[in-house]
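**Q** This structure is in structure tokens; I'll ask about it shortly.
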């Protein structure tokens, strides 16, 4: 089975779309697949996830169905990238993950202000 992570992101958020583009342009050790959160595709593929919750923060689902959200989702995305895997492992250590959680929470709560909000066409 191919290693793959499915990233659920808010397609109506400019900052989220830019983050998706950046992730997509990086060399990947594990393939990242992007699906708009709360879309029909997301609802069909992941009926166990609450669509409203997936719009509040990033969600990542691995090929076995394991779900990561928030800072853990970001760390999984970094882990999938060739040039950022070491960073993800360092940030996941006890003590450091708390910093990652605060940072991701801060950005997530201000993402519409930071990146603007435009509905995808």
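In our numbering, the protein residues as written are 0 to 120.
All C-beta atoms, glycine included, are put in the ideal place defined by N, C-alpha and C.
Remember, it's a predicted structure, so these values are computed and weren't measured experimentally.
1. What residue range does the beta strand (DSSP E) around residue 32 cover?
2. So, for residue 79: in the same chain, excluding its five sequence neighbours on each side, which residues have a beta-carbon less than 7 Å away from its beta-carbon?
3. From 20, 90, 61, pick the residue whose C-alpha is nearest to that of residue 70; which is it?
4. Rounding to the nearest angstrom, what Cα-Cα distance links residue 76 and residue 22 in this structure?
5. What does a CB cutoff of less than 8 Å around residue 40 pick up in its chain, not counting 5 residues either side in sequence?
6. Less than 8 Å between the CB atoms is what I'm expecting for residue 7 and residue 36, so what's the real figure, rounded?
7. Considering Cα atoms alone, identify which of 45, 83, 9 is closest to residue 60.
8. The alpha helix (DSSP H) spanning residue 54 covers which residue range?
**A** Taking the definition as stated:
1. 30-35
2. 4, 27, 28, 29, 31
3. Of the candidates 20, 90, 61, the one whose C-alpha sits nearest the C-alpha of residue 70 is 90.
4. Put simply, the backbone Cα of residue 76 is about 8 Å away from that of residue 22.
5. 34
6. 4 Å
7. 45
8. In the DSSP assignment, residue 54 falls outside any alpha helix (DSSP H) and carries neither an H nor an E.
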